[in-house]
Structure formats: structure tokens, C-alpha cells
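Take a look at the structure below.
Residue numbers (the working numbering): 46 to 121.
Pasting the structure below:
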């Protein structure tokens, strides 16, 4: 008699714990966040390149060539 009550109580506890784990918590932000930093600029919009994208791209190609170990070493 007592073991049936204990078994029924333990089943009820397990079911209650299982059902409580099924809830979904809202994960969206409640407030609208605004970016407070500075406006992003393009990499070539500066005094060095004078807003010339082609000049910036050629400078990046040249820079990558000087950083390539296979091109820097003298292999013949």
C-alpha cells in the first residue's frame, strides 16, 4: 500500500519535472539596440589612396607578394 503511494508520488514528480523542461523561453531582445560607434569607411577612402580603389587593390597585391615566403626566397 505504501509502496504504491511512493511509486505514484515519484511518477508524478518525474512527470512534472519532464513537463516543466518542455517550455521555451523567449530569447529575443526587448529593446532596440543602436550602434553608437563611428561610421565605417572603405579601406581606400583616405589620403594615401585618394579614394582610388584600383590603386588600393594594387597596393594590397604588392603587399601580399612581399609577405609570401615562396616568392621572397631565392629558389631556382
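The beta-carbon is built from N, C-alpha and C at its ideal position, and this holds for glycine as well.
This structure is a prediction, so every number in the text was calculated from the model and none was measured.
For residue 107, the enclosing alpha helix (DSSP H) covers residues 98-111. The C-beta distance from residue 116 to residue 108 rounds to 12 Å, too long to meet the 8 Å contact threshold. Under the three-state reduction of DSSP output, residue 59 falls in the helix class. Scanning its chain for C-beta atoms nearer than 8 Å, with the 5 sequence neighbours on each side dropped, one finds around residue 100 the residues 89, 94, in chain order. Assignment of residue 114 by DSSP, reduced to helix, strand and coil, places it in the helix class. Cα atoms of residue 65 and residue 85: separation of roughly 46 Å, rounded to the nearest angstrom.
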